[in-house]
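Protein chains: 2
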Amino acid sequence: MVGTAATIDLADRRREADQPHSLTVRFGMSNPLRLDAGVDFAPMQIAYQTYGTLNPERSNAILVCHALTGDQHVVNTHPVTGKPGWWETMVGPGRPIDTERYFVICANVVGGCMGSSGPASTNPATGMPWGLDFPVITVRDMVRAQAMLLDHLGIESLFAVTGGSMGGMQVLQWAASYPQRVFAALPIAGATRHSAQNIAFHEVGRQAVMADPDWRAGRYFAEGTNPRRGLAVARMAAHITYLSDAALHRKFGRRFQDRDNPTFSFDADFQVESYLRHQGITFVERFDANSYLYLTRAMDYFDLAADYEGVVANAFRGAPTRFCVISFTSDWLFPTAESRAIVHALNAAGARVSFAEITTDKGHDAFLLDEPELFAIVRGFLDGAAKARGLRGSR
Amino acid sequence: MVGTAATIDLADRRREADQPHSLTVRFGMSNPLRLDAGVDFAPMQIAYQTYGTLNPERSNAILVCHALTGDQHVVNTHPVTGKPGWWETMVGPGRPIDTERYFVICANVVGGCMGSSGPASTNPATGMPWGLDFPVITVRDMVRAQAMLLDHLGIESLFAVTGGSMGGMQVLQWAASYPQRVFAALPIAGATRHSAQNIAFHEVGRQAVMADPDWRAGRYFAEGTNPRRGLAVARMAAHITYLSDAALHRKFGRRFQDRDNPTFSFDADFQVESYLRHQGITFVERFDANSYLYLTRAMDYFDLAADYEGVVANAFRGAPTRFCVISFTSDWLFPTAESRAIVHALNAAGARVSFAEITTDKGHDAFLLDEPELFAIVRGFLDGAAKARGLRGSR
Numbered sequence: 013m014v015g016t017a018a019t020i021d022l023a024d025r026r027r028e029a030d031q032p033h034s035l036t037v038r039f040g041m042s043n044p045l046r047l048d049a050g051v052d053f054a055p056m057q058i059a060y061q062t063y064g065t066l067n068p069e070r071s072n073a074i075l076v077c078h079a080l081t082g083d084q085h086v087v088n089t090h091p092v093t094g095k096p097g098w099w100e101t102m103v104g105p106g107r108p109i110d111t112e113r114y115f116v117i118c119a120n121v122v123g124g125c126m127g128s129s130g131p132a133s134t135n136p137a138t139g140m141p142w143g144l145d146f147p148v149i150t151v152r153d154m155v156r157a158q159a160m161l162l163d164h165l166g167i168e169s170l171f172a173v174t175g176g177s178m179g180g181m182q183v184l185q186w187a188a189s190y191p192q193r194v195f196a197a198l199p200i201a202g203a204t205r206h207s208a209q210n211i212a213f214h215e216v217g218r219q220a221v222m223a224d225p226d227w228r229a230g231r232y233f234a235e236g237t238n239p240r241r242g243l244a245v246a247r248m249a250a251h252i253t254y255l256s257d258a259a260l261h262r263k264f265g266r267r268f269q270d271r272d273n274p275t276f277s278f279d280a281d282f283q284v285e286s287y288l289r290h291q292g293i294t295f296v297e298r299f300d301a302n303s304y305l306y307l308t309r310a311m312d313y314f315d316l317a318a319d320y321e322g323v324v325a326n327a328f329r330g331a332p333t334r335f336c337v338i339s340f341t342s343d344w345l346f347p348t349a350e351s352r353a354i355v356h357a358l359n360a361a362g363a364r365v366s367f368a369e370i371t372t373d374k375g376h377d378a379f380l381l382d383e384p385e386l387f388a389i390v391r392g393f394l395d396g397a398a399k400a401r402g403l404r405g406s407r
Numbered sequence: 013m014v015g016t017a018a019t020i021d022l023a024d025r026r027r028e029a030d031q032p033h034s035l036t037v038r039f040g041m042s043n044p045l046r047l048d049a050g051v052d053f054a055p056m057q058i059a060y061q062t063y064g065t066l067n068p069e070r071s072n073a074i075l076v077c078h079a080l081t082g083d084q085h086v087v088n089t090h091p092v093t094g095k096p097g098w099w100e101t102m103v104g105p106g107r108p109i110d111t112e113r114y115f116v117i118c119a120n121v122v123g124g125c126m127g128s129s130g131p132a133s134t135n136p137a138t139g140m141p142w143g144l145d146f147p148v149i150t151v152r153d154m155v156r157a158q159a160m161l162l163d164h165l166g167i168e169s170l171f172a173v174t175g176g177s178m179g180g181m182q183v184l185q186w187a188a189s190y191p192q193r194v195f196a197a198l199p200i201a202g203a204t205r206h207s208a209q210n211i212a213f214h215e216v217g218r219q220a221v222m223a224d225p226d227w228r229a230g231r232y233f234a235e236g237t238n239p240r241r242g243l244a245v246a247r248m249a250a251h252i253t254y255l256s257d258a259a260l261h262r263k264f265g266r267r268f269q270d271r272d273n274p275t276f277s278f279d280a281d282f283q284v285e286s287y288l289r290h291q292g293i294t295f296v297e298r299f300d301a302n303s304y305l306y307l308t309r310a311m312d313y314f315d316l317a318a319d320y321e322g323v324v325a326n327a328f329r330g331a332p333t334r335f336c337v338i339s340f341t342s343d344w345l346f347p348t349a350e351s352r353a354i355v356h357a358l359n360a361a362g363a364r365v366s367f368a369e370i371t372t373d374k375g376h377d378a379f380l381l382d383e384p385e386l387f388a389i390v391r392g393f394l395d396g397a398a399k400a401r402g403l404r405g406s407r
């Protein structure tokens with residue numbers, strides 16, 4: 013652990029970006045990552061974690077794709093925050109994604125800040141962090157980089173690929189870009205394109221970061237500053253969208269924090285204010301502000317149909333992949349209608365698809381939380397797919 | 013007009029706060045405004061506009077209550093921005109709130125920045141703007157100040173009081189605090205209390221303002237700075253909540269701004285980004301950052317039931333007022349369920365109430381927009397009420 017939340021500083025962050033507490037693979041100049049922006053990016057580093065054991069047939073690998081502010085630390089103690097992995101409820105021995113059966117891989121996305129090449133990584137040309145000189149990346153670029161990692165690991169075909177939110181976007185892109193490499197796909201709380209409202213919320217977050225004078229046009233590492241106030245505001249705004257009105261009401265309502273009456277001041281009178289401020293402060297300790305800009309941008313640019321003559325179904329025609337699409341009723345960031353659109357496109361493409369809309373008041377973040385119905389659906393779908401793939405130990 | 017949007021500076025803003033382009037009334041030390049915060053506030057200035065003519069019986073007055081960032085300039089050219097009034101569609105000769113029949117009054121709320129006492133007004137004790145030394149105010153305080161204005165104008169009983177959003181809160185408070193002075197009440201897109209999610213969004217806005225180093229703990233007038241970046245971010249976040257996912261999709265979708273393809277940069281590639289940035293920039297030119305803090309706080313504190321043993325209905329027991337409650341299907345800031353709760357409380361109190369849920373995709377801001385159904389309902393309700401009150405010219 014490089015530090016506690018209170019003591020993590022920019023030097024720690026830089027170190028984690030270049031020399032992470034993870035497995036890494038570095039692709040040299042001869043094997044560049046071809047980016048949608050038209051750049052051949054090299055050298056390129058991918059940081060990743062694996063859990064469980066790859067079977068001799070190399071047929072039991074599940075790629076987990078993380079969300080906007082997630083990372084590769086799915087079920088291990090996080091090296092920076094010291095907290096548990098972000099999907100301990102879903103992945104592990106005996107869990108729905110059972111590491112006693114499956115070989116689980118999760119890579120930090122390109123543009124991230126936990127060891128894969130991103131704006132906090134060192135630009136070899138200058139010896140300083142890339143900052144805004146890092147090329148703008150897309151969800152497709154993230155997936156291309158993951159494919160290079162799989163090549164490196166000698167995994168030709170994934171048993172399954174899954175993830176929520178931005179992870180769900182990657183799942184769809186995987187199935188579209190590499191249909192022969194994906195036996196089963198589980199996009200959770202995803203969408204085939206980012207909506208205008210979601211772009212708007214992301215733009216607010218970016219403007220909050222950029223409005224912070226400590227951002228220094230992205231050169232805060234060089235100048236020894238840290239745009240923590242702007243990034244905290246961005247996180248606070250985003251965090252509201254991850255929950256639901258009902259969940260906020262249930263958790264906090266209008267209850268006061270440590271008092272019975274209003275203070276008639278701008279203190280955090282209400283519990284929900286105190287909670288949000290905490291979310292902002294803790295996020296800043298673990299995340300890079302420029303990475304936040306790049307990854308929100310990648311999500312904004314995501315529009316699967318745009319690459320297929322405006323028709324999503326064309327992305328999946330002839331795909332051998334079996335799909336399980338999952339959404340949550342109270343998710344207003346990636347509403348159920350977005351998942352229905354995925355299902356309709358898959359149906360139109362003649363793909364094999366099942367769909368589950370889970371009733372919950374927990375909002376978008378439900379995919380990270382204790383949702384027994386979600387676990388049962390994932391477990392059941394993977395069991396069936398494992399049987400179809402002839403994985404040993406299939407029930 | 014004190015300047016165009018581009019040239020308004022802090023000196024103009026201060027002048028408008030103290031010596032507005034409006035009618036004003038000043039209440040001296042002998043007639044303080046008793047605030048919920050426990051302060052007797054004096055001297056206190058109220059800036060207001062009137063339209064139409066008060067009849068000899070003084071029985072045709074309609075009080076319009078403005079929303080968070082509105083002001084008293086309902087249907088006249090705004091003295092600061094040069095733009096039309098904010099409710100030209102609703103108020104005026106031949107409009108639903110017909111200034112040929114009714115005498116319309118609108119006052120800048122206490123805590124505002126357009127001429128009623130607020131944080132941008134001069135503190136007589138120091139000769140400088142109040143800033144954060146201004147007392148925290150509530151919706152009830154706003155209404156008390158309006159009642160003092162009506163006393164000054166010699167209007168014992170209002171024919172009607174109406175307003176949307178924060179204006180709707182004031183309408184409900186009017187009916188609760190001064191039932192004998194309100195013949196008819198039309199709360200539009202309102203609520204009896206601010207929800208946890210809404211408090212959360214407001215807190216993000218306040219934190220954005222306070223994160224701006226130019227805010228200077230509220231003393232930006234004295235220090236010659238202007239927290240425009242923070243306030244613009246606050247406005248951008250809030251503005252999303254005034255619209256709807258569907259409205260944003262219809263207006264902007266994923267269309268690019270002045271280009272056909274993404275720039276792979278952090279420019280405002282999408283029209284919705286460009287639009288939001290514009291909203292932020294223009295807002296900063298006309299609104300005071302500290303006022304934004306005070307008025308959002310007042311909304312957060314609003315909880316009508318809290319003053320009535322936790323039972324909203326108790327606020328309206330025995331009220332002679334006739335109510336018309338209006339909500340919009342796509343409003344997710346003040347959802348229809350909030351208006352239904354108002355109606356249920358009024359029913360429980362035995363009050364006379366009609367309710368209209370208007371189908372629209374325009375979101376919360378629908379009350380400011382061209383909504384023929386809204387106009388028809390307001391016109392019809394006022395016609396009936398005018399007849400019941402025996403107003404001359406009633407049809």
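Going down the list, the sequences are from chains A and B. Residues 13 to 407 (the working numbering) are what the first sequence spells out, left to right. Residues 13 to 407 (the working numbering) are what the second sequence spells out, left to right. C-beta atoms are modelled at their ideal positions from N, C-alpha and C, and glycine is treated no differently. Bear in mind the structure is a predicted one, so any value in this text is a computation, not a measurement.
Under 8 angstroms between C-beta atoms of residue i and residue j
i	j	result
B/Val284	A/Ile252	no
B/Ser42	B/Phe171	no
B/Val221	B/Leu243	yes
A/Ala234	A/Met140	yes
B/Leu386	B/Ile370	yes
B/Asp30	B/Thr138	no
A/Arg262	A/Phe282	no
A/Val103	A/Thr111	yes
B/Ile58	B/Thr174	no
B/Val37	B/His164	yes
Run of the alpha helix (DSSP H) containing residue i, from where it starts to where it stops
i	result
A/Val183	Met178 to Ser189
A/Met160	Val151 to Leu165
A/Arg193	No alpha helix (DSSP H) holds A/Arg193; DSSP gives it neither H nor E.
B/Thr348	Thr348 to Ala360
B/Thr308	Ala301 to Tyr313
B/Ala220	Ala208 to Ala223
A/Arg298	Gln283 to Arg298
B/Ala259	Asp257 to Lys263
A/Ala29	Leu22 to Asp30
Closer than 7 angstroms at the beta carbon, the chain A residues around residue i
i	result
B/Ser277	Val148
B/Phe346	Those do not exist, as B/Phe346 stays about 11 angstroms from chain A at its closest Cβ, beyond 7 angstroms.
Closer than 7 angstroms: residue i CB and nearest the ligand MN heavy atom
i	result
B/Ala360	The model on display carries no ligand, and the ligand MN is accordingly not part of it.
Neighbour list for residue i in chain B, Cβ cutoff strictly below 7 angstroms
i	result
A/Phe285	The sequence given here places Glu at residue 285 of chain A; Phe does not occur at that position. Within chain B, the residues near A/Glu285 are Ile211 and Glu215.
A/Gly242	Ala223
A/Pro274	Tyr313
A/Ala49	Phe276
Nonlocal neighbours in the same chain, by C-beta distance under 7 angstroms from residue i, ignoring five residues either side
i	result
B/Arg401	Ser71, Phe171 and Phe195
B/Val155	Gln182, Gln185, Trp186 and Ser189
A/Pro239	Val221, Asp224, Asp226, Trp227, Tyr232 and Ala301
Residues that residue i contacts on chain B, provided the C-beta gap is smaller than 9 angstroms
i	result
A/Arg205	Arg266
Own chain, CB closer than 8 angstroms to residue i, minus 5 neighbours either side, in chain order
i	result
B/Thr150	Leu47, Asp48, Ala49, Ala310, Tyr313 and Phe314
A/Ala249	Phe213, Val216, Gly217 and Ala220
Residues that residue i contacts on chain B, provided the C-beta gap is smaller than 8 angstroms
i	result
A/Arg408	With chain A running from 13 to 407 in the structure shown, residue 408 of chain A is simply not present.
Residue i - containing beta strand (DSSP E), residue span
i	result
B/Thr253	Premise fails: B/Thr253 lies in the alpha helix (DSSP H), Arg240 to Tyr254, not in any beta strand (DSSP E).
B/Val390	Segment Pro384 to Arg401 is the alpha helix (DSSP H) holding B/Val390; no beta strand (DSSP E) there.
B/Arg364	Arg364 to Ile370
Residues near residue i by beta carbon distance below 6 angstroms, same chain, minus five either side
i	result
A/His33	Pro91
B/Ile338	Ile200 and Ala368
A/Met56	Phe39, Leu45 and Ser129
Where residue i meets chain A, residues with beta-carbon distance less than 8 angstroms
i	result
B/Ala208	Asp257, Leu260, His261, Lys263, Phe264, Gly265, Arg266, Phe282 and Val284
B/Arg364	The premise fails here: B/Arg364 is roughly 29 angstroms from chain A at the closest Cβ pair, so nothing lies under 8 angstroms.
Legend entry - At least 3 beta-carbon pairs within less than 8 angstroms: the stretch 268-279 of chain B vs the stretch 290-304 of chain B: no
Inset, instruction - Evaluate the contact criterion for the stretch 116-135 of chain B versus the stretch 82-98 of chain B: three or more CB pairs, one atom per stretch, below 8 angstroms. - result: yes
Legend entry - the stretch 358-370 of chain A / the stretch 327-334 of chain A touching (three or more Cβ pairs under 8 angstroms): yes
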